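Right, dumping it as structure tokens:
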């Protein structure tokens with residue numbers, strides 16, 4: 001049974017994070033002229049970042065919950081970056097010709113590099129977080145075993161999460177760039193997202209099916225403590241982590257691909273019909 005007191009206890013909420021989030025949203029609304037939908041995207045992005053870094057959900061990893069760590073990774077690598085880019089107006093100086101950083105000016109020229117960077121962070125971030133959890137709980141996570149004095153414990157979890165968010169923005173940039181002319185062509189975008197779907201599916205499958213079959217670990221509550229607000233067995237927790245990366249992660253990329261194709265057909269219906277006729281002939 002989930003302990004709701006953990007989620008309503010004020011000490012488990014970062015009030016500094018709430019203040020910072022409010023200030024960031026206020027600055028966005030005050031200084032940037034955007035559409036209502038863009039304002040909504042930005043507010044949701046900030047809320048997701050706060051939930052990932054400053055809410056009780058962020059503290060659940062202290063109880064060894066691998067599934068919650070995976071949920072953070074999905075939000076920061078796949079969801080928040082897309083919403084963030086959708087919230088940025090196209091005339092922002094970062095994407096204007098005055099800003100001479102070529103990666104931002106022509107991101108579609110670097111899409112392979114961005115794809116590999118995202119894949120490395122997706123897999124590498126998972127293994128690093130799994131190693132840290134293993135060191136903290138004293139149990140094997142996805143086949144990874146680390147001791148409490150392992151070098152991996154010196155890596156701040158916040159650093160991993162921050163790098164995931166940055167990698168997610170760079171990955172999404174060639175497809176969701178605020179400036180439409182700097183995006184990949186629709187079909188290339190779909191292939192780009194589909195291959196990312198394959199990558200996250202493989203990771204999810206690996207995590208789900210590498211769950212420990214040890215009888216003792218299968219019956220123990222995560223972090224072997226009754227204090228856990230979300231009591232799950234270690235095996236169930238790891239299987240849930242894999243399913244989260246596999247199913248929702250892939251569905252997200254599929255929905256994004258469908259959205260791109262629908263927009264493409266809506267913008268050029270005649271051209272697409274003629275192309276289909278010529279193809280049929």
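Residue numbers (full-length UniProt numbering): 1 to 281. Positions of the beta carbon are idealized from the N, C-alpha and C atoms, including for glycine. This structure is a prediction, so every number in the text was calculated from the model and none was measured.
Query                                                                                                                                                           : Result
Are there 16 or more other CB atoms within 10 angstroms of the CB of residue 62, so buried, or fewer, so exposed?                                               : exposed
Pull up the distance between the alpha-carbon of residue 222 and that of residue 234, whole angstroms please.                                                   : A caution first: residue 222 carries a pLDDT of 46, below 50, which makes its placement in the model too unreliable to give a value.
Assuming the contact rule is C-beta atoms closer than 8 angstroms, residue 253 and residue 203 should be a hit. Round their C-beta distance to whole Å, please. : Not quite, the Cβ-Cβ distance comes to about 13 angstroms (not below 8 angstroms), so this is no contact.
Can you check whether the C-beta of residue 197 is within less than 9 angstroms of a C-beta belonging to chain B?                                               : Of the chains in the structure shown, none is chain B; there is only one protein chain.
Hey, which unbroken runs of the alpha helix (DSSP H) at 4 residues or more fall wholly within the region 10-79?                                                 : 15-31, 36-54, 56-59, 66-74
With a CB to CB cut of under 6 angstroms and the five nearest residues on each side skipped, what residues in its chain are close to residue 150?               : 135
Using only alpha-carbon positions, find the residue among 124, 43, 148, 67 that is nearest to residue 24.                                                       : 43
Around the C-beta of residue 159, are 16 or more other C-beta atoms found within 10 angstroms, so that it is buried, or is it exposed?                          : exposed
Relative to the C-alpha of residue 239, which residue among 230, 171, 207 is closest?                                                                           : 207
For residue 258, does the count of other Cβ atoms within 10 angstroms reach 16, so buried, or fall short, so exposed?                                           : exposed
With 16 other CB atoms within 10 Å as the buried threshold, where does residue 263 fall?                                                                        : exposed
Using only alpha-carbon positions, find the residue among 10, 60, 82 that is nearest to residue 45.                                                             : 82
Around the C-beta of residue 141, are 16 or more other C-beta atoms found within 10 angstroms, so that it is buried, or is it exposed?                          : buried
CA-CA distance, residue 41 and residue 182?                                                                                                                     : 21 angstroms
Please report the straight-line C-alpha distance between residue 226 and residue 260, rounded to a whole angstrom.                                              : With a pLDDT of only 45 at residue 226, under 50, the local geometry of the prediction cannot be trusted, and the value read off the model is given with reservation. Taking the straight line joining both Cα atoms gives about 47 angstroms.
Would DSSP call residue 88 helix, strand or coil?                                                                                                               : coil
Helix, strand or coil for residue 233? Go by DSSP, reduced to three states.                                                                                     : strand
In the structure shown, what three-state DSSP assignment does residue 166 receive?                                                                              : helix
Ordered along the chain, which non-local residues of its own chain (more than five positions away) have a Cβ less than 7 angstroms from that of residue 249?    : 74, 78, 200, 204
For residue 186, report the span of its alpha helix (DSSP H) as first-last.                                                                                     : 186-209
Is the Cβ-Cβ distance between residue 53 and residue 87 less than 9 angstroms?                                                                                  : no
Using three-state DSSP, classify residue 260 as helix, strand or coil.                                                                                          : helix
CA-CA distance, residue 175 and residue 152?                                                                                                                    : 34 angstroms
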